[in-house]
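Student: Below you will find the structure I want to go over with you.
Residue numbers (our numbering): 6 to 175.
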């Protein structure tokens, strides 16, 4: 049995990838849109997986083949996980690269795995979410093999979306 950060990362990558394929397969349902954020859930009762997500509003990347960058805050009710932050960068992150998610004056360290970025210190995750609730925009920066990429997200509606996620999924 795996334990520690690597097993958590493996689980996160699996669930985010599964959610993306479930949405395409129609097993995920779009509940509502709140400003620039959407709430999606699986179609199970009770829910096994829910998340809020938003596309980046702007990016410094010139990579035309890049998949659309998205921010996610995910929940797995059965496992008691209420809010897990991740970012789909849309490109292969440089090996061992660290990045930053910044809201206002606050910065939070990220680590990358494949095309995803995660908060490095799980004790900082709720602080990032609280900053997102209070802020108006968030900047995510991490290195790819082609250079550093910066994505900017609107935080309009994230607080209401998270409140609705808790009401819907727990």
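All C-beta atoms in this analysis are idealised placements derived from N, C-alpha and C, irrespective of residue type, glycine included. These figures come from a predicted structure and were not determined experimentally.
(1) Measure the C-alpha to C-alpha separation of residue 95 and residue 51 and round it to an integer number of angstroms.
(2) Apart from the five residues just before and just after residue 30, which ones in its own chain have a Cβ nearer than 7 Å to its Cβ?
(3) Would you call the segment 72 to 80 and the segment 108 to 119 touching, i.e. three or more CB-CB distances under 8 Å?
(4) Please go through the same chain and pick out, in chain order, the residues whose beta-carbon is closer than 6 Å to the beta-carbon of residue 129, but skip the five residues on each side of it.
(5) Under a Cβ-count criterion, where at least 16 other Cβ atoms within 10 Å of its own Cβ denotes burial, should residue 91 be classed as buried or exposed?
(6) On the CB-based measure, 16 or more other CB atoms within 10 Å of its CB, does residue 35 come out buried or exposed?
(7) Could you tell me the alpha carbon to alpha carbon distance between residue 135 and residue 150, rounded to whole angstroms?
(8) Tell me which same chain residues have a C-beta within less than 7 Å of the C-beta of residue 73, skipping the five on either side of it?
(9) Pick helix, strand or coil for residue 172, following the three-state DSSP scheme.
(10) Please report how far the alpha carbon of residue 155 lies from the alpha carbon of residue 106, in whole angstroms.
(11) Which residues bound the alpha helix (DSSP H) around residue 93?
(12) When burial is assigned at 16 or more other CB atoms within 10 Å of the CB, is residue 120 buried or exposed?
(13) Quick one: what does DSSP say residue 44 is sitting in, helix, strand or coil?
Tutor: Inspection of the coordinates gives the following:
(1) The alpha-carbon atoms of residue 95 and residue 51 are separated by roughly 31 Å.
(2) Residue confidence is low: residue 30 scores 48 on pLDDT, short of 50, so the model does not pin down where it sits. Its coordinate-derived value is still stated next. None.
(3) Contact fails: fewer than three Cβ-Cβ distances are below 8 Å.
(4) 113.
(5) It is buried - the Cβ of residue 91 has at least 16 other Cβ atoms within 10 Å.
(6) The residue in question, residue 35, is exposed, as its Cβ has fewer than 16 Cβ neighbours within 10 Å.
(7) So the two alpha carbons sit approximately 32 Å from each other.
(8) 60, 95, listed in sequence order.
(9) Residue 172 falls in the helix class under three-state DSSP.
(10) Answer to the nearest angstrom: the Cα atoms are 10 Å apart.
(11) Segment 86 to 93 is the beta strand (DSSP E) holding residue 93; no alpha helix (DSSP H) there.
(12) Residue 120 sits buried, since 16 or more C-beta atoms from the chains shown fall within 10 Å of its C-beta.
(13) The answer is strand: DSSP assigns residue 44 an E or B state.
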